[in-house]
Amino acid sequence: MDNFKKAAAEASSFFNRAKQFTEEKLGNAEKTVYQADLENLIRRSESTKYITEKIISSTTSLLHPNPNERLEELVMTKLDRRVMKPTNFEILGSSLIEAGNEVGNTFQYGSVLIKVGEAEKKLGNLEKDFIQKSSDCLLQPLKSFLEGQMKTILKEKRILDSKRLNLDASKARLKKLHDSNSHKHEAEEEVRQAQTEFDRQYELTKLLMDELTITYNHHLQCLADFVEAQSNYYSSCSRVMQDLTRQIGISSIRNTSVIAPKINEGHPFSYPINSLPVSFTEKKRAKVLFDYEATEPSEMSVYANQIITIQIVPNDNDWVLAESGRDSGKVPKAYVQIVD
């Protein structure tokens, strides 16, 4: 029975608030106006919520530029799971090291590829460290603020608005009653109770909003930590690149003259063997896939399923050098398949 009465009272209170709200919008009811200091605190609270959300969004975009990665990070955070994926620097570094090993450190290009790759991987580790520190010192405190203190402020502000509507609805009912009305005393008591609840909620809401000043000081410290982390990150990256510049000798590389291999005048398609890396001049057996009829003296005719010897030519994606018995010449690369 008590639960029924409580539910009925809540329903009646909700109806009265809705009616009061509608009357206020239509300009047919008086409204209790919050004092200027509270209005300023309300505006500051709303502004703080907005700028905090914007800072979180912008910082997250900086740390995770790829929107797909941001979505994945959000999902993993909700699931309380964290998968450390390689950064773009680390992926580039691994590719450069792999390429350097393929070329070989007997060539300067190969050794420099490896050194640059190692430096890129160091940059990747520094980036990971910066992302983690930025999340710990800035993003997490701001998110905790929105989920905790700000959510409480907004909740108490909504309660205050409800108490204000209850108070104004009670005043409106009392105003309509005549002095001789038997319910006037009851209505006056209802107004006094509504006023007490409103005043209590008013002070609580104001107190919570006043604490934003303390929160600003905390967020200031968080921002300083972020700036320090960012400064250390860029300084460390600069040192890595300066060390790399000294290791590979950029000045000497730029001053080195690049001489392209000369084409043998006696054979328009042949290259001096000693000018090519071993991996390019090594002869390989290949199977001819289609018949090909030579159209120039520098070409060689071949037929399907024929086994020939070929050499890969650098910087040429269309032709290979081919030999078969006493015949030699160039053959389209698409017409052959290496068999060993």
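Per my numbering, the very first residue in the sequence shown carries number 196; after that it's consecutive.
Ideal placement from N, C-alpha and C gives every residue a C-beta, glycine not left out.
As the structure is a computational prediction, the values presented were derived from the model and not from experiment.
- With contacts defined by Cβ atoms closer than 8 angstroms, Gln396 and Ile354 form a contacting pair.
- Within the model, the alpha-carbon separation for Tyr498 versus Lys310 is close to 46 angstroms.
- With a contact defined as Cβ atoms closer than 8 angstroms, Ile326 and Leu258 qualify at about 5 angstroms.
- If you draw a straight line from the Cα of Cys332 to the Cα of Glu406, it is about 21 angstroms long.
- Taking a contact to require three or more Cβ pairs closer than 8 angstroms, the region 330-348 and the region 419-430 qualify as touching.
- Of the residues Ser446, Trp514, Ile348 and Gln506, the one whose Cα lies closest to the Cα of Leu233 is Ile348.
- Assigned with DSSP and collapsed to three states, Tyr304 falls in helix.
- About 4 angstroms separates the beta carbon of Phe393 from that of Lys358, a gap short enough to meet the 8 angstroms contact definition.
- CA-to-CA, the gap between Phe485 and Leu516 works out to about 16 angstroms.
- The Cβ-Cβ distance between Ile533 and Lys479 falls below 8 angstroms.
- With a 10 Å radius around the Cβ and a threshold of 16 neighbouring Cβ atoms, Lys317 comes out buried.
- In the structure shown, the three-state DSSP call for Leu402 is helix.
- In this structure, DSSP gives Arg480 an extended state, which the three-state scheme calls strand.
- Between Lys525 and Ser496, the C-beta gap is not smaller than 8 angstroms, which leaves the two residues out of contact.
- Nearest to Ser523 by C-alpha distance, out of Lys350, Ala489 and Ser240, is Ala489.
- Taking a 10 Å sphere around the C-beta of Ala529, we find fewer than 16 other C-beta atoms and assign the residue as exposed.
- By alpha-carbon distance to Tyr411, the top candidate from Thr227, Glu322 and Arg239 is Arg239.
- In this structure, Gly288 keeps its C-beta atom at 8 angstroms or more from the C-beta atom of Gly295.
- The three-state reading of DSSP puts Gln532 in strand, counting E and B together.
- When the Cα atoms are used, Lys338 and Asp363 turn out to be separated by approximately 36 angstroms.
- Between Ser365 and Glu385, the gap from beta carbon to beta carbon is short of 8 angstroms.
- Separation of the CB atoms of Leu308 and Val298 is rounded to 6 angstroms, and the pair is thereby assigned contact status at 8 angstroms.
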